[in-house]
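A quick write-up on the structure given underneath.
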Ligand SMILES: Cc1cc2nc3c(=O)[nH]c(=O)nc-3n(C[C@H](O)[C@H](O)[C@H](O)COP(=O)(O)OP(=O)(O)OC[C@H]3O[C@@H](n4cnc5c(N)ncnc54)[C@H](O)[C@@H]3O)c2cc1C
């Protein structure tokens, strides 16, 4: 079974700065870490490899510094890693990101399973996984907390707000993985040392035959209009009274006055 993990590097919380003019993250000023959900994605892929055999390949689209994260992925059990990095990818929204990743995965094909994190803690859209599945024409299951192989299919458990679903999905497929269902392993020292000498392939737009008008700013239909911290300047009012009926009556009249009911 060949499993491809999509691993994103994200700024370490607290090190993020936003350019006041362009409203974009100044990524160069941030320390990068592996998106926490993607650690769980990698762990699930490596556990599947350990039980069912096969290989785990990892792809990341990001700046050259993302190589460090890929070395860590090798240390955690990945067999091959690939970095998708090119200035022309800058400014990509989720549509352009999923396009570029799909082009890279098509180059890495064939595959049985794609594993993504549920969400990236910086962009926080949770769109890239399902978009990628759509682009590659495979079924997808989100918010997975357990997976095992079963005769050409994957048996998965996915969590909902107040329930769990057991599903069987035909392979090839894509899953997105929740966090906190287990403990992602630390990289092994032996594997990390071996990984230091590995040549990590870096693919640009040309290597994955990405069309220029589908990547970067020109391939991104969304635009960040403004980024700001919300302010809360409404005044609270505590309704007091001798009994509940009186207080509820006062509440209802306030809501009516403000046109809320
Ligand atoms: C208008 C706009 C402009 C933007 N400009 C820039 C920019 O200039 N530079 C920039 O770096 N970002 C930019 N972004 C952010 C970029 O679009 C997102 O980081 C990216 O599309 C992923 O979206 P997300 O963070 O919401 O990921 P989610 O959809 O929440 O991620 C879910 C999962 O998808 C996978 N995944 C997501 N992204 C990657 C990746 N890059 N590599 C591998 N796997 C991945 C991971 O498994 C992840 O757990 C921009 C976004 C918008 C909307």
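In my numbering, the protein residues as written are 771 to 1031.
Ideal placement from N, C-alpha and C gives every residue a C-beta, glycine not left out.
Predicted model, so just to flag it, every value in this text is computed and none were measured.
A direct Cα-to-Cα measurement between residue 894 and residue 780 gives close to 11 angstroms. In the three-state DSSP reduction, residue 971 falls in the coil class, being neither helix nor strand. Counting C-beta pairs closer than 8 angstroms gives three or more between the region 857-872 and the region 968-987, which meets the contact rule. Taking 6 angstroms as the cut-off, the C-beta of residue 913 does not count as close to any heavy atom of ligand 1. Around residue 899, the same chain offers 886, 910, 912, 944 and 946 as residues with beta carbons nearer than 7 angstroms, after the five sequence neighbours per side are excluded. Per DSSP, residue 887 is one residue of the beta strand (DSSP E) stretching across 883-887.
By the criterion of a C-beta distance shorter than 6 angstroms, residue 809 is surrounded in its chain by 954, once the five residues flanking it on both sides are discounted. Nearest in C-alpha terms to residue 976, of all of 874, 952, 897 and 1009, is 874. Where residue 900 is concerned, the enclosing alpha helix (DSSP H) starts and stops at 898-906. Within the same chain, and ignoring the five residues on either side of residue 923 in sequence, the residues whose Cβ sits closer than 7 angstroms to its Cβ are 938, 939, 940 and 941. Here residue 867 is buried. Its C-beta has 16 or more other C-beta atoms within 10 Å. Spanning the alpha carbons of residue 801 and residue 1017 requires a straight line of approximately 52 angstroms.
In the structure shown, the three-state DSSP call for residue 830 is strand. Separation of residue 994 and residue 856 (C-alpha to C-alpha, rounded to the nearest whole angstrom) is 21 angstroms. Ligand 1 approaches residue 778 closely enough that one of its heavy atoms is under 6 angstroms from the residue's Cβ.
Using a 10 angstroms sphere on the CB of residue 832, the tally of other CB atoms reaches 16 or more, which defines it as buried. With the rule of 3 Cβ pairs closer than 8 angstroms, the region 841-858 counts as touching the region 818-832. Here the alpha carbons of residue 921 and residue 982 stand approximately 40 angstroms from one another. When 785, 790, 794 and 772 are compared, the shortest CA-CA separation from residue 992 is found for 794.
If you look at residue 810, you'll find it in the alpha helix (DSSP H) that goes 806-822. A Cβ-Cβ separation of about 6 angstroms places residue 807 in contact with residue 889 under the 8 angstroms criterion.
At a cut-off of 6 angstroms, the beta-carbon of residue 948 does not count as near ligand 1: no heavy atom of the ligand is closer than that. Comparing C-alpha distances from residue 903 to each of 782, 998 and 876 shows the shortest one belongs to 876.
Between ligand 1 and the CB of residue 831, the shortest heavy atom gap is smaller than 6 angstroms. Secondary structure at residue 923: strand, using DSSP grouped into helix, strand and coil. In this structure, residue 893 has its CB closer than 6 angstroms to one or more heavy atoms of ligand 1.
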